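J.: I have a structure here, written as structure tokens, and I will follow up with some questions on it.
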Amino acid sequence: MLKLFVNLIKLSAKPATIIYPYPIAALLAFSLSGTLNVIYLIKAIAFSFIFYAGVNLWNHVNDVEEDIKGGKKTIITENPKIRKLTALISAVLYVTSFVLAFIWIVDWRGIAAFVPAALATWIYSDKIFFGKKIRRWKDHYITEILAFIIFFPAFFSMLWTIFAPLSLRGLAFSMTMTLFMFSGAFLKDLKDITGDRLAGLKTLGVVFSPETLLKASSTMLIFYYFSIVIFSYLELLPFASFFSVVFFFGFGYTLSHFYTENWKVSGKSIKPLEVMYYSNLGSLLMLIFSGFT
Numbered sequence: 586m587l588k589l590f591v592n593l594i595k596l597s598a599k600p601a602t603i604i605y606p607y608p609i610a611a612l613l614a615f616s617l618s619g620t621l622n623v624i625y626l627i628k629a630i631a632f633s634f635i636f637y638a639g640v641n642l643w644n645h646v647n648d649v650e651e652d653i654k655g656g657k658k659t660i661i662t663e664n665p666k667i668r669k670l671t672a673l674i675s676a677v678l679y680v681t682s683f684v685l686a687f688i689w690i691v692d693w694r695g696i697a698a699f700v701p702a703a704l705a706t707w708i709y710s711d712k713i714f715f716g717k718k719i720r721r722w723k724d725h726y727i728t729e730i731l732a733f734i735i736f737f738p739a740f741f742s743m744l745w746t747i748f749a750p751l752s753l754r755g756l757a758f759s760m761t762m763t764l765f766m767f768s769g770a771f772l773k774d775l776k777d778i779t780g781d782r783l784a785g786l787k788t789l790g791v792v793f794s795p796e797t798l799l800k801a802s803s804t805m806l807i808f809y810y811f812s813i814v815i816f817s818y819l820e821l822l823p824f825a826s827f828f829s830v831v832f833f834f835g836f837g838y839t840l841s842h843f844y845t846e847n848w849k850v851s852g853k854s855i856k857p858l859e860v861m862y863y864s865n866l867g868s869l870l871m872l873i874f875s876g877f878t
């Protein structure tokens, strides 16, 4: 039983994001809000982990068919008996997230933001309830993008209200994080192309080439860095936030590589992609540090 519980926790943390299992988003909201109370930080991390674990488990349960076709092995694909249990755990985590949101937010607009965020993630993956009548949003790139447009800004706005009332700085935080998350969203389906194509889905990874998705991801990252410059200049973010743009040079190296290679993804792309990953991570850490200065 303990092994099953541990495996479910591991599965709930996939795919890994700055929301969960890495509490970068919560740390950034904590530093930028100016509400330097560790209790609020613990609440934000707990909320993020509980909610996003539910989101990931719900996604995995509904993706069983595609994962099996794609040859992906998880505790859910290999053990049909625990699928209903996993779905139940996911539902409990969603409900728990709503309860915690009602208890912990300091601005009612946080709830107004969280409701569409939670609904978007549920409908995005659902094949069990609403998905029996209508196509789930994940199955087509248009509704897939719509889910991201709803979820990212709504979730980050709600996360901010655990620390402080929604403000212009809170909205700047939400917009900056939305652009950052969008950069990853355009690439996330690449690993699932085989299963999605066999299932007849029209996801981003199936409809568009890796080169096109890489261009879209890079564009979002350019907007991300540009937003930091603008919001720092307007003092919606701490002026020290501007220094996180230094990491754009690492990202620029990656852009230069792919431009030279005509955006082709190959074995030579590994190092530039690693540089891009660590540069973007460094920019987030610098943003967190700037909030404490």
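This note's numbering puts the first residue of the sequence shown at 586, with every later residue one more than the last. We treat Cβ as the ideally placed atom computed from N, Cα and C, and that holds for glycine. Since the model is a prediction, treat every value here as computed from it, not as a measurement.
Does DSSP classify T602 as helix, strand or coil?
T.: strand
J.: Drop a sphere of 10 angstroms on the beta-carbon of G755, count the other beta-carbons inside from all chains shown, and report buried for 16 or more, exposed for fewer.
T.: buried
J.: On the DSSP bridge list, what partners appear for K787?
T.: DSSP lists H725 as partners of K787.
J.: In the structure shown, what three-state DSSP assignment does R720 receive?
T.: coil
J.: Excluding five sequence neighbours on each side, which residues of the same chain lie with their C-beta closer than 7 Å to the C-beta of I873?
T.: Contacts found: L612, L613 and S616.
J.: For the stretch 794-814 against the stretch 760-772, are there 3 or more C-beta pairs whose distance is under 8 Å?
T.: yes
J.: Residue range of the alpha helix (DSSP H) that L821 falls in?
T.: That residue, L821, is in no alpha helix (DSSP H); it is neither H nor E in DSSP.
J.: Just the Cα atoms here: how many angstroms apart are K723 and F834?
T.: 34 Å
J.: Return the first residue and the last residue of the alpha helix (DSSP H) that D652 is part of.
T.: V649 to K654
J.: Taking all protein chains shown into account, decide if M693 is buried (16 or more other Cβ within 10 angstroms of its Cβ) or exposed.
T.: One point to set straight first is that residue 693 is Trp, not Met, in the sequence displayed. Classification of W693: exposed, given that the 10 Å Cβ count is below 16.
J.: Distance check for T788 and E846, CA to CA, integer angstroms please.
T.: Those two C-alpha atoms are separated by around 25 Å.
J.: Quick one: grab the DSSP three-state call for P608.
T.: Looking at P608 - three-state DSSP - the assignment turns out to be coil, as it is neither helix nor strand.
J.: Within its chain, find whatever has a CB closer than 6 Å to the CB of L786; leave out the 5 residues flanking it on each side and keep chain order.
T.: D724
J.: Can the beta-carbon of T878 be found closer than 9 Å to that of P823?
T.: yes
J.: Exposed or buried, R720, counting other C-beta atoms within 10 Å across all chains shown (16 or more means buried)?
T.: exposed
J.: Of the choices M871, F748 and I730, whose alpha-carbon is the least far from that of W689?
T.: F748
J.: Is N928 helix, strand or coil when you go by DSSP?
T.: The structure shown does not extend to residue 928, since the chain spans only 586 to 878, so no value can be given for it.
J.: For my contact list, A672 and I713 are in at a C-beta cut-off of 8 Å; report their separation, rounded to the angstrom.
T.: 7 Å
J.: Please determine, among F740, A638 and F836, the residue with the shortest C-alpha to C-alpha distance to A697.
T.: F740
J.: Does the count of Cβ pairs from the stretch 843-857 and the stretch 799-810 closer than 8 Å reach three?
T.: yes
J.: Answer with buried or exposed for E651, where buried requires no fewer than 16 other C-beta atoms within 10 angstroms of its C-beta.
T.: buried
J.: What first and last residue would you give for the alpha helix (DSSP H) that runs through F828?
T.: In this chain, F828 is not harboured by any alpha helix (DSSP H), its DSSP state being neither H nor E.
J.: When we look at the beta-carbon of N664 and count the other beta-carbons within 10 Å, is it buried (16 or more) or exposed?
T.: N664 should be labelled exposed.
J.: Mind checking I855: buried by the 16 CB within 10 Å criterion, or exposed?
T.: exposed
J.: Where do the ends of the alpha helix (DSSP H) carrying M699 lie?
T.: Residue identity check: residue 699 is Phe in the sequence provided, not Met. Per DSSP, the continuous alpha helix (DSSP H) segment holding F699 begins and ends at R694 to S710.
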